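First comes the structure, then the notes that go with it.
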Amino acid sequence: MSRIAVIGAGASGLVAAYFAAVNGNEVHIFEKNEKCGKKIYLTGKGRCNITHKCTACEFLENVVTNSKFLTSSVYSFSPDDAISFFENGGLRTKTERGARIFPVSDKSSDVIRCLETYCNKAGAKFHFNENVQNISFLNGTISGIITQKGYFDCAKVIVCTGGLSYPSTGSTGDGYKFAKSAGHKIVDCVPALCGLNVKGTFCKELQGLTLKNVSLTASYQGKAIRSLFGEMLFTHYGISGPIVLTISSLINRLDLSKVELILDLKPALSFEQLDKRLLKDFEANSNKTLFNCLKLLVPVSLIKILLSRSGLDSTKKVNSVTVEERRRLLTAVKNFVIKINSLRGFDEAIITSGGVDVKDINPKTMESKLIKGLYFCGEVLDLDAFTGGYNLQIAFSTGFAAGNNIRN
(Lines of atoms letter the chains of each structure in order from A and count residues from 1; the text may use other names and numbers.)
(Lines give C-alpha, C1' and ligand atoms only; values in the text may rest on other atoms or scores of the structure.)
Protein backbone atom coordinates (compact mmCIF):
# COMPACT_ATOMS: atom_id res chain seq x y z
CA MET A 1 0.00 0.00 0.00
CA SER A 2 1.33 3.41 -1.01
CA ARG A 3 0.61 6.51 1.03
CA ILE A 4 -0.56 9.20 -1.40
CA ALA A 5 -1.12 12.92 -0.95
CA VAL A 6 -3.52 14.55 -3.39
CA ILE A 7 -3.15 18.33 -3.37
CA GLY A 8 -6.46 19.95 -4.29
CA ALA A 9 -10.04 18.72 -3.94
CA GLY A 10 -11.30 19.92 -7.30
CA ALA A 11 -12.52 17.91 -10.28
CA SER A 12 -9.22 16.23 -11.17
CA GLY A 13 -8.15 15.76 -7.55
CA LEU A 14 -11.33 14.01 -6.47
CA VAL A 15 -11.30 11.65 -9.45
CA ALA A 16 -7.59 10.88 -8.98
CA ALA A 17 -8.11 10.30 -5.25
CA TYR A 18 -11.02 7.92 -5.79
CA PHE A 19 -9.29 5.70 -8.33
CA ALA A 20 -6.05 5.65 -6.33
CA ALA A 21 -8.03 4.64 -3.23
CA VAL A 22 -9.98 1.83 -4.92
CA ASN A 23 -6.61 0.49 -6.09
CA GLY A 24 -5.78 -0.19 -2.44
CA ASN A 25 -3.71 2.87 -1.61
CA GLU A 26 -3.92 5.06 1.49
CA VAL A 27 -5.09 8.36 0.02
CA HIS A 28 -5.11 11.74 1.76
CA ILE A 29 -6.68 14.78 0.05
CA PHE A 30 -5.33 18.17 1.12
CA GLU A 31 -7.56 21.17 0.39
CA LYS A 32 -6.75 24.74 1.43
CA ASN A 33 -10.46 25.64 1.45
CA GLU A 34 -13.07 24.49 3.94
CA LYS A 35 -14.82 22.23 1.41
CA CYS A 36 -14.47 20.46 -1.94
CA GLY A 37 -14.91 21.77 -5.44
CA LYS A 38 -15.26 25.52 -5.03
CA LYS A 39 -14.58 26.09 -8.72
CA ILE A 40 -17.00 23.32 -9.73
CA TYR A 41 -19.71 25.35 -8.00
CA LEU A 42 -19.20 28.12 -10.56
CA THR A 43 -19.14 26.02 -13.73
CA GLY A 44 -22.06 26.23 -16.13
CA LYS A 45 -23.37 29.25 -14.18
CA GLY A 46 -23.84 27.03 -11.16
CA ARG A 47 -25.37 24.17 -13.13
CA CYS A 48 -22.10 22.38 -13.99
CA ASN A 49 -21.63 21.34 -17.60
CA ILE A 50 -20.04 18.02 -16.66
CA THR A 51 -18.86 16.90 -20.07
CA HIS A 52 -19.82 16.73 -23.75
CA LYS A 53 -21.70 13.88 -25.39
CA CYS A 54 -19.19 12.95 -28.08
CA THR A 55 -16.61 10.36 -29.03
CA ALA A 56 -13.05 10.61 -27.79
CA CYS A 57 -11.96 11.58 -31.31
CA GLU A 58 -14.54 14.39 -31.49
CA PHE A 59 -13.52 15.51 -28.02
CA LEU A 60 -9.87 15.88 -29.02
CA GLU A 61 -10.89 18.11 -31.93
CA ASN A 62 -12.13 20.62 -29.35
CA VAL A 63 -8.91 20.72 -27.35
CA VAL A 64 -6.99 23.90 -28.11
CA THR A 65 -3.62 23.09 -26.54
CA ASN A 66 -1.74 19.77 -26.60
CA SER A 67 -4.58 17.55 -27.81
CA LYS A 68 -2.11 14.81 -28.81
CA PHE A 69 -0.91 14.56 -25.21
CA LEU A 70 -4.49 13.84 -24.09
CA THR A 71 -5.14 11.02 -26.56
CA SER A 72 -4.32 8.16 -24.19
CA SER A 73 -6.15 9.54 -21.14
CA VAL A 74 -9.29 10.58 -23.05
CA TYR A 75 -9.59 7.20 -24.76
CA SER A 76 -9.05 5.51 -21.37
CA PHE A 77 -11.68 7.65 -19.64
CA SER A 78 -13.91 9.08 -22.36
CA PRO A 79 -16.93 11.40 -22.09
CA ASP A 80 -19.17 8.30 -22.12
CA ASP A 81 -17.10 6.82 -19.29
CA ALA A 82 -17.51 10.05 -17.31
CA ILE A 83 -21.29 10.01 -17.81
CA SER A 84 -21.48 6.37 -16.68
CA PHE A 85 -19.22 7.16 -13.71
CA PHE A 86 -21.59 9.85 -12.46
CA GLU A 87 -24.75 7.87 -13.23
CA ASN A 88 -23.36 4.89 -11.30
CA GLY A 89 -22.65 7.25 -8.43
CA GLY A 90 -26.33 8.20 -8.27
CA LEU A 91 -26.15 11.46 -10.24
CA ARG A 92 -28.76 11.56 -12.98
CA THR A 93 -27.63 13.44 -16.07
CA LYS A 94 -29.28 15.01 -19.12
CA THR A 95 -28.17 16.09 -22.56
CA GLU A 96 -28.94 19.66 -23.57
CA ARG A 97 -28.56 21.73 -26.74
CA GLY A 98 -25.21 21.22 -28.36
CA ALA A 99 -24.71 17.81 -26.69
CA ARG A 100 -23.74 19.36 -23.36
CA ILE A 101 -24.18 17.13 -20.31
CA PHE A 102 -25.66 18.55 -17.10
CA PRO A 103 -27.03 17.03 -13.89
CA VAL A 104 -30.82 16.65 -14.06
CA SER A 105 -31.05 18.74 -10.89
CA ASP A 106 -29.18 21.65 -12.52
CA LYS A 107 -27.10 21.86 -9.34
CA SER A 108 -23.31 21.82 -9.41
CA SER A 109 -23.41 20.95 -5.71
CA ASP A 110 -24.83 17.53 -6.65
CA VAL A 111 -21.80 16.88 -8.87
CA ILE A 112 -19.46 17.74 -6.01
CA ARG A 113 -21.45 15.61 -3.59
CA CYS A 114 -21.23 12.65 -5.95
CA LEU A 115 -17.44 12.95 -6.24
CA GLU A 116 -17.01 13.46 -2.49
CA THR A 117 -19.18 10.43 -1.75
CA TYR A 118 -17.12 8.31 -4.12
CA CYS A 119 -13.94 9.33 -2.26
CA ASN A 120 -15.40 8.73 1.19
CA LYS A 121 -16.67 5.27 0.25
CA ALA A 122 -13.25 4.38 -1.17
CA GLY A 123 -11.64 5.36 2.12
CA ALA A 124 -9.86 8.54 1.07
CA LYS A 125 -9.29 10.96 3.95
CA PHE A 126 -9.94 14.69 3.61
CA HIS A 127 -7.75 17.38 5.19
CA PHE A 128 -9.69 20.65 4.83
CA ASN A 129 -8.26 24.08 5.66
CA GLU A 130 -4.78 22.61 5.24
CA ASN A 131 -2.55 24.44 2.81
CA VAL A 132 0.35 22.54 1.25
CA GLN A 133 3.40 24.79 1.23
CA ASN A 134 6.10 22.56 -0.23
CA ILE A 135 6.84 19.09 -1.54
CA SER A 136 9.89 17.30 -0.16
CA PHE A 137 12.18 15.30 -2.43
CA LEU A 138 14.92 12.79 -1.65
CA ASN A 139 17.23 11.32 -4.27
CA GLY A 140 14.87 12.15 -7.15
CA THR A 141 11.74 10.75 -5.49
CA ILE A 142 8.94 12.02 -3.25
CA SER A 143 9.53 11.92 0.49
CA GLY A 144 6.55 13.95 1.74
CA ILE A 145 4.79 17.30 1.85
CA ILE A 146 4.84 20.22 4.22
CA THR A 147 1.64 22.04 5.25
CA GLN A 148 1.05 24.82 7.74
CA LYS A 149 0.38 22.01 10.25
CA GLY A 150 3.69 20.25 9.69
CA TYR A 151 5.33 17.44 7.75
CA PHE A 152 3.30 14.62 6.16
CA ASP A 153 5.18 11.53 5.04
CA CYS A 154 4.06 10.00 1.73
CA ALA A 155 5.45 8.05 -1.21
CA LYS A 156 3.54 9.78 -4.00
CA VAL A 157 1.99 13.21 -4.60
CA ILE A 158 -0.70 14.13 -7.13
CA VAL A 159 -0.81 17.88 -7.79
CA CYS A 160 -4.35 19.00 -8.73
CA THR A 161 -4.23 22.64 -7.71
CA GLY A 162 -5.85 24.18 -10.79
CA GLY A 163 -4.52 27.19 -12.68
CA LEU A 164 -4.95 30.92 -12.12
CA SER A 165 -8.55 31.46 -13.21
CA TYR A 166 -11.07 32.40 -10.52
CA PRO A 167 -8.41 32.92 -7.81
CA SER A 168 -11.19 33.49 -5.25
CA THR A 169 -11.77 29.71 -5.35
CA GLY A 170 -8.20 29.02 -4.26
CA SER A 171 -6.59 28.67 -7.70
CA THR A 172 -3.58 30.86 -7.07
CA GLY A 173 -0.84 29.03 -8.96
CA ASP A 174 0.48 26.87 -6.10
CA GLY A 175 0.99 23.94 -8.47
CA TYR A 176 3.38 25.94 -10.62
CA LYS A 177 5.58 26.56 -7.59
CA PHE A 178 5.62 22.84 -6.79
CA ALA A 179 6.43 21.99 -10.40
CA LYS A 180 9.30 24.49 -10.57
CA SER A 181 10.78 23.09 -7.36
CA ALA A 182 10.87 19.70 -9.11
CA GLY A 183 12.63 21.15 -12.13
CA HIS A 184 9.61 21.42 -14.42
CA LYS A 185 9.19 24.18 -16.99
CA ILE A 186 6.07 26.35 -16.78
CA VAL A 187 4.58 27.57 -20.05
CA ASP A 188 3.54 31.23 -19.62
CA CYS A 189 -0.04 31.42 -18.38
CA VAL A 190 -2.71 33.58 -20.03
CA PRO A 191 -6.49 33.79 -19.54
CA ALA A 192 -8.60 31.57 -21.80
CA LEU A 193 -12.33 31.49 -22.54
CA CYS A 194 -12.62 35.12 -21.52
CA GLY A 195 -14.03 38.43 -22.71
CA LEU A 196 -11.97 40.88 -24.75
CA ASN A 197 -11.12 44.51 -24.03
CA VAL A 198 -11.72 46.43 -27.25
CA LYS A 199 -10.16 49.60 -28.68
CA GLY A 200 -12.41 52.63 -29.17
CA THR A 201 -15.47 53.87 -27.32
CA PHE A 202 -18.22 52.32 -29.46
CA CYS A 203 -18.68 49.35 -27.10
CA LYS A 204 -19.88 51.64 -24.32
CA GLU A 205 -22.61 52.88 -26.67
CA LEU A 206 -23.57 49.28 -27.41
CA GLN A 207 -23.34 48.01 -23.81
CA GLY A 208 -25.96 45.34 -23.15
CA LEU A 209 -26.63 44.59 -26.83
CA THR A 210 -26.76 40.87 -27.63
CA LEU A 211 -26.32 39.76 -31.22
CA LYS A 212 -27.56 36.35 -32.34
CA ASN A 213 -26.80 34.45 -35.53
CA VAL A 214 -23.77 36.55 -36.36
CA SER A 215 -20.35 35.50 -37.61
CA LEU A 216 -17.07 36.52 -36.00
CA THR A 217 -13.76 35.91 -37.78
CA ALA A 218 -10.36 36.24 -36.13
CA SER A 219 -7.43 37.16 -38.36
CA TYR A 220 -3.74 37.43 -37.51
CA GLN A 221 -1.52 39.63 -39.66
CA GLY A 222 -4.30 39.66 -42.25
CA LYS A 223 -4.71 35.88 -42.39
CA ALA A 224 -7.98 34.35 -41.16
CA ILE A 225 -7.59 31.98 -38.21
CA ARG A 226 -11.18 30.86 -37.71
CA SER A 227 -14.77 32.00 -38.20
CA LEU A 228 -17.49 31.21 -35.68
CA PHE A 229 -21.26 31.53 -35.96
CA GLY A 230 -23.48 32.21 -32.97
CA GLU A 231 -24.09 34.70 -30.20
CA MET A 232 -22.03 37.55 -28.76
CA LEU A 233 -22.66 40.60 -26.61
CA PHE A 234 -21.25 44.05 -26.05
CA THR A 235 -20.17 45.11 -22.56
CA HIS A 236 -18.78 48.24 -20.94
CA TYR A 237 -15.25 46.99 -21.63
CA GLY A 238 -15.67 45.33 -25.01
CA ILE A 239 -17.17 42.03 -26.14
CA SER A 240 -18.09 38.67 -24.64
CA GLY A 241 -20.51 35.82 -25.25
CA PRO A 242 -20.08 32.24 -26.55
CA ILE A 243 -18.27 32.90 -29.84
CA VAL A 244 -16.03 35.54 -28.27
CA LEU A 245 -14.98 33.17 -25.48
CA THR A 246 -13.99 30.59 -28.07
CA ILE A 247 -12.12 33.17 -30.15
CA SER A 248 -10.21 34.28 -27.05
CA SER A 249 -8.69 30.81 -26.65
CA LEU A 250 -7.47 30.90 -30.25
CA ILE A 251 -5.73 34.27 -30.00
CA ASN A 252 -4.59 34.48 -26.37
CA ARG A 253 -1.00 33.49 -27.15
CA LEU A 254 -0.68 35.81 -30.14
CA ASP A 255 0.47 39.43 -30.38
CA LEU A 256 -2.96 41.05 -30.01
CA SER A 257 -1.82 44.21 -31.79
CA LYS A 258 -1.72 42.09 -34.96
CA VAL A 259 -5.15 40.52 -34.41
CA GLU A 260 -8.37 41.80 -35.94
CA LEU A 261 -11.90 40.55 -35.45
CA ILE A 262 -14.34 40.93 -38.34
CA LEU A 263 -18.00 40.84 -37.38
CA ASP A 264 -20.56 39.93 -40.05
CA LEU A 265 -23.98 41.08 -38.88
CA LYS A 266 -25.76 39.28 -41.74
CA PRO A 267 -23.78 36.09 -42.44
CA ALA A 268 -26.78 34.32 -44.02
CA LEU A 269 -26.71 36.83 -46.89
CA SER A 270 -23.94 37.31 -49.41
CA PHE A 271 -22.82 40.85 -50.22
CA GLU A 272 -24.98 40.77 -53.37
CA GLN A 273 -28.03 39.37 -51.57
CA LEU A 274 -27.73 41.96 -48.84
CA ASP A 275 -27.46 44.68 -51.46
CA LYS A 276 -30.74 43.51 -53.03
CA ARG A 277 -32.37 43.45 -49.60
CA LEU A 278 -31.15 46.98 -48.89
CA LEU A 279 -32.37 48.27 -52.26
CA LYS A 280 -35.77 46.73 -51.62
CA ASP A 281 -35.97 48.50 -48.25
CA PHE A 282 -34.85 51.77 -49.82
CA GLU A 283 -37.49 51.53 -52.57
CA ALA A 284 -40.24 50.81 -50.06
CA ASN A 285 -39.17 53.70 -47.83
CA SER A 286 -37.76 56.18 -50.34
CA ASN A 287 -38.65 59.30 -48.34
CA LYS A 288 -37.27 58.05 -45.03
CA THR A 289 -33.88 58.86 -43.58
CA LEU A 290 -31.11 56.30 -43.51
CA PHE A 291 -31.45 56.04 -39.74
CA ASN A 292 -35.15 55.16 -39.87
CA CYS A 293 -34.81 52.81 -42.81
CA LEU A 294 -31.95 50.84 -41.26
CA LYS A 295 -34.16 49.96 -38.28
CA LEU A 296 -35.51 47.24 -40.56
CA LEU A 297 -32.04 45.71 -40.93
CA VAL A 298 -30.01 46.04 -37.72
CA PRO A 299 -30.52 46.89 -34.02
CA VAL A 300 -31.16 50.60 -33.45
CA SER A 301 -28.14 51.07 -31.19
CA LEU A 302 -25.85 49.95 -34.03
CA ILE A 303 -27.17 52.30 -36.71
CA LYS A 304 -25.25 55.47 -35.87
CA ILE A 305 -22.01 53.52 -35.51
CA LEU A 306 -22.50 51.79 -38.86
CA LEU A 307 -23.30 55.08 -40.56
CA SER A 308 -20.30 56.77 -38.97
CA ARG A 309 -18.03 53.98 -40.23
CA SER A 310 -19.59 54.40 -43.67
CA GLY A 311 -19.09 58.17 -43.65
CA LEU A 312 -22.85 58.73 -44.04
CA ASP A 313 -25.21 61.21 -42.42
CA SER A 314 -28.04 59.56 -40.47
CA THR A 315 -30.50 62.22 -41.74
CA LYS A 316 -29.72 61.56 -45.42
CA LYS A 317 -32.77 60.38 -47.38
CA VAL A 318 -32.41 56.89 -48.78
CA ASN A 319 -33.54 58.05 -52.24
CA SER A 320 -30.33 60.09 -52.51
CA VAL A 321 -27.89 57.35 -51.45
CA THR A 322 -25.37 56.60 -54.20
CA VAL A 323 -24.09 53.19 -55.28
CA GLU A 324 -20.71 53.93 -53.66
CA GLU A 325 -22.34 55.02 -50.39
CA ARG A 326 -24.45 51.87 -50.37
CA ARG A 327 -21.31 49.79 -50.91
CA ARG A 328 -19.62 51.45 -47.93
CA LEU A 329 -22.68 50.76 -45.79
CA LEU A 330 -22.81 47.11 -46.83
CA THR A 331 -19.10 46.77 -46.00
CA ALA A 332 -19.72 48.15 -42.52
CA VAL A 333 -22.51 45.62 -41.96
CA LYS A 334 -20.60 42.59 -43.23
CA ASN A 335 -17.07 43.61 -42.27
CA PHE A 336 -17.38 45.37 -38.92
CA VAL A 337 -13.77 45.49 -37.77
CA ILE A 338 -13.01 45.20 -34.05
CA LYS A 339 -9.50 45.79 -32.70
CA ILE A 340 -8.43 44.29 -29.38
CA ASN A 341 -6.64 45.96 -26.51
CA SER A 342 -6.22 42.96 -24.21
CA LEU A 343 -7.76 39.86 -22.69
CA ARG A 344 -9.91 40.12 -19.60
CA GLY A 345 -8.16 38.97 -16.42
CA PHE A 346 -7.88 35.63 -14.65
CA ASP A 347 -10.63 36.65 -12.23
CA GLU A 348 -13.09 36.39 -15.16
CA ALA A 349 -11.43 33.73 -17.33
CA ILE A 350 -13.12 30.33 -17.31
CA ILE A 351 -9.82 28.49 -17.70
CA THR A 352 -6.06 29.02 -17.71
CA SER A 353 -4.02 28.52 -20.86
CA GLY A 354 -0.43 27.54 -20.07
CA GLY A 355 1.00 25.71 -17.07
CA VAL A 356 3.22 22.70 -16.47
CA ASP A 357 4.90 21.75 -19.75
CA VAL A 358 3.51 18.37 -20.81
CA LYS A 359 6.79 17.40 -22.51
CA ASP A 360 8.03 16.19 -19.13
CA ILE A 361 4.82 14.35 -18.17
CA ASN A 362 3.98 10.75 -19.05
CA PRO A 363 0.69 11.04 -21.03
CA LYS A 364 -0.50 7.59 -19.94
CA THR A 365 0.00 8.04 -16.20
CA MET A 366 0.44 11.81 -15.64
CA GLU A 367 3.64 11.03 -13.74
CA SER A 368 6.58 13.41 -13.93
CA LYS A 369 9.48 12.21 -16.04
CA LEU A 370 11.79 14.11 -13.72
CA ILE A 371 10.65 13.02 -10.25
CA LYS A 372 9.39 9.52 -9.49
CA GLY A 373 6.07 9.52 -7.64
CA LEU A 374 5.08 13.07 -8.64
CA TYR A 375 1.93 13.48 -10.76
CA PHE A 376 0.07 16.47 -12.26
CA CYS A 377 -3.60 16.54 -13.30
CA GLY A 378 -6.15 19.00 -14.63
CA GLU A 379 -5.77 22.72 -15.18
CA VAL A 380 -2.29 22.91 -13.66
CA LEU A 381 -1.06 21.29 -16.89
CA ASP A 382 -0.64 23.17 -20.18
CA LEU A 383 -3.98 21.90 -21.48
CA ASP A 384 -7.14 23.80 -22.38
CA ALA A 385 -10.20 23.37 -24.56
CA PHE A 386 -13.31 25.17 -25.76
CA THR A 387 -16.48 25.62 -23.70
CA GLY A 388 -19.00 22.81 -23.52
CA GLY A 389 -17.75 20.57 -20.72
CA TYR A 390 -14.45 19.83 -22.43
CA ASN A 391 -12.25 21.32 -19.71
CA LEU A 392 -13.93 19.38 -16.92
CA GLN A 393 -13.52 16.24 -19.02
CA ILE A 394 -9.79 17.00 -19.24
CA ALA A 395 -9.78 17.12 -15.43
CA PHE A 396 -11.62 13.80 -15.17
CA SER A 397 -9.51 12.01 -17.79
CA THR A 398 -6.15 13.16 -16.42
CA GLY A 399 -7.30 12.47 -12.86
CA PHE A 400 -8.30 8.94 -13.88
CA ALA A 401 -4.97 8.41 -15.63
CA ALA A 402 -3.04 9.25 -12.48
CA GLY A 403 -5.23 7.52 -9.90
CA ASN A 404 -5.86 4.38 -11.92
CA ASN A 405 -2.16 3.88 -12.62
CA ILE A 406 -1.07 4.10 -9.00
CA ARG A 407 -1.65 0.54 -7.93
CA ASN A 408 -0.97 -1.11 -4.61
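The opening residue of the sequence shown carries number -12 in my numbering; numbering runs sequentially from there. All C-beta atoms, glycine included, are put in the ideal place defined by N, C-alpha and C. Here the structure is a predicted model, which means the values were calculated and not measured.
Inset, instruction - Label residue 328 either buried or exposed according to how many other C-beta atoms from any shown protein chain fall within 10 Å of its C-beta, with 16 as the threshold for buried. - result: exposed
Inset, instruction - Tell me whether residue 32 sits in a helix, a strand or coil according to DSSP, three-state version. - result: helix
Legend entry - Proximal residues to residue 76 (C-beta, below 6 Å), its chain only, five neighbours per side dropped: 101, 105
Inset, instruction - Return the Cβ separation of residue 300 and residue 179 in integer angstroms, given the expectation that the two are a contact with Cβ distance under 8 Å. - result: 42 Å between Cβ atoms; not a contact.
Inset, instruction - Would you check if the stretch 37 to 45 and the stretch 9 to 16 touch, i.e. whether three or more CB-CB distances between them fall below 8 Å? - result: no
Inset, instruction - Please confirm whether residue 184 and residue 331 have their CB atoms less than 8 Å apart. - result: yes
Legend entry - Nearest-angstrom beta carbon gap, residue 357 and residue 400 [assumed within contact, 8 Å]: The structure shown does not extend to residue 400, since the chain spans only -12 to 395, so no value can be given for it.
Inset, instruction - Find out if the Cβ-Cβ distance for the pair residue 86, residue 61 is shorter than 8 Å. - result: no
Inset, instruction - Have a look at residue 279 and residue 272 and give me their C-alpha separation to the nearest angstrom. - result: 9 Å
Inset, instruction - Determine, using beta-carbon pairs with one atom in the stretch 374 to 385 and one in the stretch 197 to 213, whether at least three such pairs fall under 8 Å. - result: no
Inset, instruction - With DSSP as the reference, label residue 244 as helix, strand or coil. - result: helix
Inset, instruction - Taking residue 124 as the reference, give the member of 225, 157, 167 with the closest Cα. - result: 167
Inset, instruction - Give the DSSP-derived three-state secondary structure of residue 200 in the structure shown. - result: strand
Legend entry - Beta-carbon proximity check, residue 23 vs residue -4, cutoff 8 Å: yes
Inset, instruction - State yes or no: is the C-beta of residue 174 within less than 8 Å of the C-beta of residue 344? - result: yes
Legend entry - Residue ranges of each alpha helix (DSSP H) within the stretch 80 to 161, 4 or longer: 95 to 109
Legend entry - Spatial distance of residue 186 from residue 281 (CA atoms): 25 Å
Inset, instruction - Keeping to the same chain, check which residues put their C-beta closer than 6 Å to that of residue 398; ignore five residues upstream and five downstream. - result: Since the first residue shown for the chain is -12 and the last is 395, residue 398 is missing from the structure and cannot be characterised.
Legend entry - Whole-number beta carbon distance between residue 157 and residue 20, since they are thought to touch under 8 Å: 5 Å
Inset, instruction - Using a threshold of 8 Å, state whether the C-beta atoms of residue 74 and residue 80 are closer than that. - result: yes
Legend entry - Pairwise C-alpha distance: residue 145 and residue 120: 14 Å
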